[in-house]
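Colleague:
4 protein chains.
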Amino acid sequence: MVMRVGILGASGYTGGELVRLLACHPEVTITHVTSERYAGQPFSAVYPHLTGVGDSLICQAMDAQQISEACDVAFCALPHVTSMTVVPTLLENGLKVIDLSADFRLKDAQVYADWYGTDHTAPALLAQAAYGLPELHRAEIAKAQLIANPGCYPTSIILALTPLLREGLIDPARIIADSKSGVSGAGRSPGQATLFSEVSEGFKPYKVTGHRHIPEIEQELSGVNGSDIGAIRFTPHLLPQIRGIFSTIYTIPLQDRTEEEYRSVLADHYRDEMFVRVLPKGRFPDTHHVRGSNLCDIGLALDERSGTLVVMAAIDNLVKGASGAAVQNLNVSSGLPENMALEQWPLFP
Amino acid sequence: MVMRVGILGASGYTGGELVRLLACHPEVTITHVTSERYAGQPFSAVYPHLTGVGDSLICQAMDAQQISEACDVAFCALPHVTSMTVVPTLLENGLKVIDLSADFRLKDAQVYADWYGTDHTAPALLAQAAYGLPELHRAEIAKAQLIANPGCYPTSIILALTPLLREGLIDPARIIADSKSGVSGAGRSPGQATLFSEVSEGFKPYKVTGHRHIPEIEQELSGVNGSDIGAIRFTPHLLPQIRGIFSTIYTIPLQDRTEEEYRSVLADHYRDEMFVRVLPKGRFPDTHHVRGSNLCDIGLALDERSGTLVVMAAIDNLVKGASGAAVQNLNVSSGLPENMALEQWPLFP
Amino acid sequence: MVMRVGILGASGYTGGELVRLLACHPEVTITHVTSERYAGQPFSAVYPHLTGVGDSLICQAMDAQQISEACDVAFCALPHVTSMTVVPTLLENGLKVIDLSADFRLKDAQVYADWYGTDHTAPALLAQAAYGLPELHRAEIAKAQLIANPGCYPTSIILALTPLLREGLIDPARIIADSKSGVSGAGRSPGQATLFSEVSEGFKPYKVTGHRHIPEIEQELSGVNGSDIGAIRFTPHLLPQIRGIFSTIYTIPLQDRTEEEYRSVLADHYRDEMFVRVLPKGRFPDTHHVRGSNLCDIGLALDERSGTLVVMAAIDNLVKGASGAAVQNLNVSSGLPENMALEQWPLFP
Amino acid sequence: MVMRVGILGASGYTGGELVRLLACHPEVTITHVTSERYAGQPFSAVYPHLTGVGDSLICQAMDAQQISEACDVAFCALPHVTSMTVVPTLLENGLKVIDLSADFRLKDAQVYADWYGTDHTAPALLAQAAYGLPELHRAEIAKAQLIANPGCYPTSIILALTPLLREGLIDPARIIADSKSGVSGAGRSPGQATLFSEVSEGFKPYKVTGHRHIPEIEQELSGVNGSDIGAIRFTPHLLPQIRGIFSTIYTIPLQDRTEEEYRSVLADHYRDEMFVRVLPKGRFPDTHHVRGSNLCDIGLALDERSGTLVVMAAIDNLVKGASGAAVQNLNVSSGLPENMALEQWPLFP
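Respectively, the protein sequence lines represent chains A, B, C and D. Using our numbering, count along the first sequence one by one with no gaps and you end on 349. Using our numbering, count along the second sequence one by one with no gaps and you end on 1349. Using our numbering, count along the third sequence one by one with no gaps and you end on 2349. Using our numbering, count along the fourth sequence one by one with no gaps and you end on 3349.
Below you can see the structure in the form of structure tokens.
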């Protein structure tokens, strides 16, 4: 039986991307989309590129009861804080919830309060939320009612480093992640900083030393093989392009291995994964090579002169970094083929 | 039974796009790809974004006999002139051929010689080639062995104007098409003019008054309802973006109709088409809204002050303007659902 | 004696551009900048790229009296309607005013009301305002107290066509101008339509048939050699680039001349102009070739097959299309060398 | 007396940029430009944006004797290796030479051979060449006949770190520089990797662990206050934009200072410099804010959680990273005001 799916916060970019992907999902029908700003309007007025699929969808104001009646599964593409106010009701009403906000990613409510500047209003749910990175938590996701979809930066960094940490190959306490993101990560709300005229021909960092993805990365990498990550060094930058996350990660090897041995550890770890490609020697990730797809490309280089292992990962922030991962989580949690509605290859050029 | 498909000239952008699309086609298996430059190398070395699909494909030097044995269908994504040297052999060997070059689009060998500066070497095939615009020539395509895939600019202009010419609503002799194309239309061969540093922040015309798509447009629009098109006024320009064709077409109405009546003519004509969207009043096409898809968006505006009907069309030059149309032609000619492997919605943003 | 200059509405892009240019003007000192939004803040907080020049400038809320005391010349880079509320006071107080808004470009207050949807509140000033295109109205500008800086689109079209109309070479009643503009023309106010993620990889028309530059173009071209322009056909489009206006103008020749003869008419007309370059045969304008400069490049092609003369012009919308022209007007009206502070060559690549 | 200047290798981007800048230099006349490819053609055919300045300049094939007669100063914008074959003759003939290639930057001919894969053919000149970073080597430059213009990446990194190393504030052995460059750094020679369609929407590293700027950075930072830099960790990446270098540099503080104290060290060091701006707390560099100018913007952030001092620098690779620095060196070495022909403010937006 086809699942009835609702998309909450459908007018943002991740909402639009969910509709784009799910429109081709054979086991899903989108029955409900919410948008406060566009309530009463057809979805195709929000996203004209989806004219044809979105004509029959009318944006609704948010109403947890109404959603619960219309849907079996809810994707929450809402801002953080908003998400945790509606999710508890949906869960009580028996829906499966895949939350794309940051509200259920951190296990510790105090850490949430520290980084998000507000108390968590549903702390009891934190323990039961599965961290939605199927490559690392597939079993948990399969049985969870609430799935916390990972952040875009964390996805790139966690996928790149976890296998190396598991094998005890790199120093957990000296990781530096220099990350770069396309502008779509900032969302669709108008702001001076994301205007075309400001962004094009510009490259700049933002939230230097204080980005909210830091505790998420620390949580997920800590404890891998007993690692003490400490405080991760993470600098996000804004790229003059729409889509793409690229992380250049500097690590210090703990053992004397060749580049090829490090590569094998990654390749072996992801051998059966549909969406992770470990690149051969001399080839490095490029955001253009994963655009529009749910792929994560990982490459590495051992700098023997300086004793540094550089690990690099690229994803499309709106797909593997958000909506594609959410669909993958739906598939995992529904026992469907993991790539259903995610078969399309990257759009290049 | 799955069709065995070959892609000739697979290292160009239209070749890569054919692989991207056909990799998801359930009735097709790609058995052969050719590239002189990359002969002997895996296809994923040519297009790393297709790592996973292209690993098992090894680029071959062109050999018509070898192709004939390996394939039921050949897509020729070759330069013009090259195409007409290999197509006759493929046809003799019983293959279906979908040719993306300009070699079989023009019905008159003399016109070909005039515009392409060389004699046609297979003029006998011109009459039997179907012009591969299914929206207008579906029946012919269905029974043809050789399908001439249309040019990208002509696709946008012919789809926009044909319904209006059929109804005798616009003056065929005073059409002006101001067209703009993304850079990918210039192909993947390195050239100074298509370097990022030259193109970005630039907008310029090229081949003003003499582009080779002119005779193709004139051929297809002439004779529609007895129209005498005469010499079309057509100016192509280069856009600082990868994909997209946009045509702004100025026409003179012959009858006193409202804008809504013109729109109805277009909408009625394309009512059953999967890939043409006639936009409602006040909405205009945008190349971003069709990117990565096989859609053609058409909009119009009647300028009552000046007595001008402006018709506008947008397509993705690599999809509806090339490889997507080729796949659509394959589907039509094979009796398959016309959108097989073409279901994906535009990638926005 | 150095002129004391004020810039009203300094936080918009044309305001910022005025500061950039005037910072190098040896006969000018910027004594006053206004911005409602940034009042009290240093100008370098508005435009960090001008850190060093803008540190000592503190943004002021608008106060016509204060401006009058601080300045000899006022550049009004304000929205239309706002401009006409402050300009009369400035003029009464003896300032020279160079107005970059649309408020004083149209000679007929009724036309203003028709197109701008509001009555003109200072109609008496319309007759005395000089239309600030020095190449065509130098003498008037030199003696005017109020100079109405032209619109960006009109500048490109009027410079391209006036010499041809003066010689009676083209049909004034059948002009079609297909124009394209970089995004900076939309200003710095945040809006969804000008976000990087919306604009990049997109090309689209806007205000089809109804752009407010239409009456300005019609006014300036009408009456040139007795021409009756009628209603101009003008379609503006948005380019995925920051700067640049490109107009492709389709005209019908009235006489049987060669392309070279048309080119000579333009070249002769602009022979002594510093900022107009008429390009040789086979070379066409490119917005990238004028970026950051006050130049207007004009090219043309005679399409003999269709009997069409295509005239093309490119400018930087923020320089020759706005702030550079304003500085040129200041120079003309002050008897200074016309290129003072405008010497820099285009930034390419 | 005006200096007669020659530009060798004028058809590359740095050559074009030298012409753009020097065209406004009151103490210079460009008497000679060379280009093998364009020999015999006017310079404006190479760079149409310089039509007007470049019309009278005819490109010459390289001839050291001819250059020596025509010029007092030669700017060599030639590829490395080519440069060292012509420079000795120019010096013997008494010209001042400002070399933009890598040939005279390294003091040790063996290091040159190791990194450039070829023996140095004029090793005796290495000792007398001044490293052309005026902010750090002004006195040497003033008296040198041969000035080795720094590499673009090194400029950003050396300016950012030298003051901190001089004060012994950061660990010299643990520096990591993650750098990003606009595409123009790859030059104007056509190549697939720098096509618009490949670069746009892409971000990727290149020459990971092995870029030739590494020994230059190590040479210039080593020995500053006795530092032993060891092997620098440096990863260059390609940005989808034309101009701009951005370096994010991770350093480990050796002393317990506040962020403000580090900032003061930098600000004090560059207090009298025209072209270095040390940004206030909370503001970070952006390549867009230095575009087209000779400025270097430096910002910093102290990450107290992880004990990391992040230092960031942005320059325009073609100006402060190449041709602007070369003009600055000319000014220094000629006793002219250091900003002559370099007064223009950044082009934003």
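Even for Gly, the Cβ is constructed at its ideal location relative to N, Cα and C. In this text the structure is predicted, and so the values were computed from the model without any measurement.
So what does DSSP say about D:Tyr3250, is it helix, strand or coil?
Modeller: In the fourth sequence, counting from the first residue as 1, residue 3250 of chain D sits at position 250. In this structure, D:Tyr3250 counts as strand in the three-state DSSP scheme.
Colleague: Which chain A residues sit within Cβ distance under 7 Å of B:Leu1050?
Modeller: Residue 1050 of chain B sits at position 50 when you count from the first residue of the second sequence. Here the neighbours are Trp345.
Colleague: Determine the extent of the alpha helix (DSSP H) in which B:Asp1114 is found, giving its start and end residues.
Modeller: Walking along the second sequence from the start, residue 1114 of chain B turns up at place 114. That run of the alpha helix (DSSP H) goes Ala1109 to Tyr1116.
Colleague: Count the other CB atoms within 10 Å of the CB of C:Ala2127; is the residue buried (16 or more) or exposed (fewer)?
Modeller: The residue you call residue 2127 of chain C lines up with position 127 of the third sequence. It counts as exposed.
Colleague: I believe A:Leu78 touches A:Gln145 by the beta-carbon criterion, under 8 Å. Please report the beta-carbon distance rounded to the nearest angstrom.
Modeller: For the purposes of this step, residue 78 of chain A is taken as the residue at position 78 of the first sequence. For the purposes of this step, residue 145 of chain A is taken as the residue at position 145 of the first sequence. Rounded, the Cβ-Cβ distance is 18 Å, inconsistent with contact.
Colleague: Name the chain C residues whose beta carbon is nearer than 7 Å to that of D:Arg3020?
Modeller: If you number the fourth sequence from 1, residue 3020 of chain D lands on position 20. Those within 7 Å of D:Arg3020 in chain C are Trp2345.
Colleague: How many angstroms separate the CA atom of A:Ile229 from the CA atom of A:Glu216?
Modeller: For the purposes of this step, residue 229 of chain A is taken as residue 229 along the first sequence, with counting starting at 1. For the purposes of this step, residue 216 of chain A is taken as residue 216 along the first sequence, with counting starting at 1. Straight-line Cα distance between these residues: approximately 12 Å.
Colleague: Are the stretch 1191-1208 of chain B and the stretch 1251-1260 of chain B touching, with three or more C-beta to C-beta distances below 8 Å?
Modeller: Not touching, per the Cβ criterion.
Colleague: Give me the Cα-Cα distance between C:Tyr2013 and C:Phe2043, rounded to the nearest whole angstrom.
Modeller: Position 13 of the third sequence holds residue 2013 of chain C. Position 43 of the third sequence holds residue 2043 of chain C. Going from the Cα of C:Tyr2013 to the Cα of C:Phe2043 covers about 13 Å.
Colleague: Can you give me the start and stop residues for the alpha helix (DSSP H) that A:Cys152 sits inside?
Modeller: One-based indexing of the first sequence puts residue 152 of chain A at position 152. Element bounds for A:Cys152: Cys152 to Arg166.
Colleague: Taking the runs of the alpha helix (DSSP H) that are 4 residues or longer, which of them lie wholly in the stretch 2018-2090 of chain C?
Modeller: Complete alpha helix (DSSP H) runs here, min 4: 2043-2046 and 2064-2070.
Colleague: If you compare alpha carbons, which of B:Leu1095, B:Gln1219 and B:Phe1246 is closest to B:Val1005?
Modeller: As a first step, residue 1005 of chain B must be located in the second sequence, where it is residue number 5. Residue B:Leu1095 is the option with its Cα nearest to B:Val1005.
Colleague: Could you pull the start and end residues of the alpha helix (DSSP H) that D:Arg3263 belongs to?
Modeller: On the fourth sequence, residue 3263 of chain D is found 263 positions in, with the first residue counted as 1. Run containing D:Arg3263: Glu3259 to His3269, per the alpha helix (DSSP H) assignment.
Colleague: For B:Leu1318, go through chain G and note every residue whose CB falls closer than 9 Å to its CB, in chain order.
Modeller: No chain G appears in the structure shown, which is made up of the protein chains A, B, C and D.
Colleague: Judging by CA-CA distance, which residue of B:Met1274, B:Gly1117, B:Gly1292 and B:Pro1123 is the nearest neighbour of B:Met1084?
Modeller: On the second sequence, position 84 is the one that residue 1084 of chain B refers to. When only C-alpha atoms are compared, the closest one is B:Pro1123.
Colleague: Taking the Cβ atom as the reference point for each residue, do D:Leu3100 and D:Ile3158 lie within a distance shorter than 8 Å?
Modeller: What you label residue 3100 of chain D is simply residue 100 of the fourth sequence in a count that begins at 1. What you label residue 3158 of chain D is simply residue 158 of the fourth sequence in a count that begins at 1. No, these two residues do not count as a Cβ contact at 8 Å.
Colleague: How would you list, in chain order, the residues of chain A whose beta-carbon sits under 8 Å from the beta-carbon of C:Glu2201?
Modeller: Counting from one through the third sequence, the residue named residue 2201 of chain C turns up at place 201. Ile242, listed in chain order.
Colleague: Below 7 Å CB to CB, which residues in the same chain sit around A:Leu22 once its five sequence neighbours on both sides are set aside?
Modeller: As a working mapping, residue 22 of chain A is identified with position 22 in the first sequence. Cβ neighbours of A:Leu22 beyond the five flanking positions: Val5, Val28, Ile30, Val327 and Ala341.
Colleague: Helix, strand or coil: how does DSSP classify A:Lys204 here?
Modeller: Position 204 of the first sequence, counting from 1, holds the residue named residue 204 of chain A. Residue state, collapsed to three classes: strand.
Colleague: With a threshold of 7 Å (Cβ to nearest heavy atom), would C:Leu2195 be considered close to the ligand MG?
Modeller: In the structure on display, the ligand MG does not appear, and there are no ligands present to speak of.
Colleague: Quick one: complete beta strand (DSSP E) runs, 3+ long, within the stretch 164-194 of chain A?
Modeller: Whole beta strand (DSSP E) segments, 3+ residues: 176-181.
Colleague: Near B:Asp1178, what residues of its chain come up, given a Cβ to Cβ distance below 6 Å and the 5 sequence neighbours on each side ignored?
Modeller: As a working mapping, residue 1178 of chain B is identified with position 178 in the second sequence. Result list for B:Asp1178: Thr1235 and Thr1248, in chain order.
Colleague: Quick one, which of A:Ala148, A:Leu330, A:Asp297 and A:Ser334 has its alpha-carbon nearest A:Asp316's?
Modeller: Here the question's residue 316 of chain A lines up with position 316 in the first sequence. That would be A:Asp297, whose Cα lies nearest to the Cα of A:Asp316.
Colleague: If you count every other CB in all the chains shown that lies within 10 Å of the CB of A:Thr118, and 16 or more means buried, which is it?
Modeller: For the purposes of this step, residue 118 of chain A is taken as the residue at position 118 of the first sequence. A:Thr118 is exposed by the Cβ-count criterion.
Colleague: If we count the other Cβ atoms within 10 Å of its Cβ and call it buried at 16 or more, is D:Thr3258 buried or exposed?
Modeller: Numbered from 1 along the fourth sequence, position 258 holds the residue referred to as residue 3258 of chain D. Classification for D:Thr3258: exposed.
Colleague: Give a yes or no on whether the C-beta atoms belonging to D:Pro3163 and D:His3269 are separated by under 8 Å.
Modeller: In the fourth sequence, counting from the first residue as 1, residue 3163 of chain D sits at position 163. In the fourth sequence, counting from the first residue as 1, residue 3269 of chain D sits at position 269. In this structure, D:His3269 lies closer than 8 Å to D:Pro3163 by Cβ.
Colleague: Determine which residues of the stretch 1186-1198 of chain B have a Cβ less than 9 Å from any Cβ of chain C, and write them out in chain order.
Modeller: So the close ones are Leu1195, Phe1196, Ser1197 and Glu1198.
Colleague: Going along chain C, which residues have a C-beta under 7 Å from B:Thr1308?
Modeller: Counting from one through the second sequence, the residue named residue 1308 of chain B turns up at place 308. In chain order: Arg2233.
Colleague: Against chain D, does A:Thr248 count as a neighbour if the rule is that its beta carbon must be under 8 Å from one of theirs?
Modeller: As a first step, residue 248 of chain A is located in the first sequence; it is residue number 248 there, counting from the start. Closer than 8 Å: yes.
Colleague: When the cut-off is 8 Å and only beta carbons count, does C:Arg2138 lie next to chain D?
Modeller: Looking up residue 2138 of chain C in the third sequence gives position 138. It does not: the Cβ of C:Arg2138 has no partner Cβ on chain D nearer than 8 Å.
Colleague: Within a Cβ cutoff of 8 Å, which residues of the same chain sit near C:Glu2261, ignoring the five residues on either side of it in sequence?
Modeller: Locating residue 2261 of chain C in the third sequence gives position 261, counting from the first residue. For C:Glu2261, where only same-chain residues beyond five positions count, there are no Cβ hits under 8 Å.
Colleague: Does D:Asp3286 have its Cβ less than 8 Å from a Cβ in chain A?
Modeller: In the fourth sequence, residue 3286 of chain D corresponds to position 286, counting from 1. It does: the Cβ of D:Asp3286 has a partner Cβ on chain A nearer than 8 Å.
Colleague: Per DSSP, what kind of secondary structure is A:Leu300 in: helix, strand or coil?
Modeller: Here residue 300 of chain A refers to the residue found at position 300 of the first sequence. Note: A:Leu300 maps to strand in three-state DSSP.
Colleague: Whole-angstrom Cβ separation of D:Ser3181 and D:Ile3245, contact assumed at under 8 Å?
Modeller: Working through the fourth sequence from its first residue, we reach residue 3181 of chain D at position 181. Working through the fourth sequence from its first residue, we reach residue 3245 of chain D at position 245. The pair is a contact, with the Cβ atoms about 5 Å apart (cut-off 8 Å).
Colleague: Using a Cβ-Cβ cutoff of 7 Å, what residues of the stretch 289-314 of chain A are near chain D? List them in chain order.
Modeller: Within the stretch 289-314 of chain A, the residues whose Cβ lies closer than 7 Å to some Cβ of chain D are Arg291, Ala301, Asp303, Arg305, Ser306, Thr308, Val310 and Met312, listed in chain order.
Colleague: What's the gap between the Cα of A:Asp103 and the Cα of A:His137?
Modeller: Within the first sequence, the letter at position 103 stands for residue 103 of chain A. Within the first sequence, the letter at position 137 stands for residue 137 of chain A. Cα to Cα, the separation comes out at about 18 Å.
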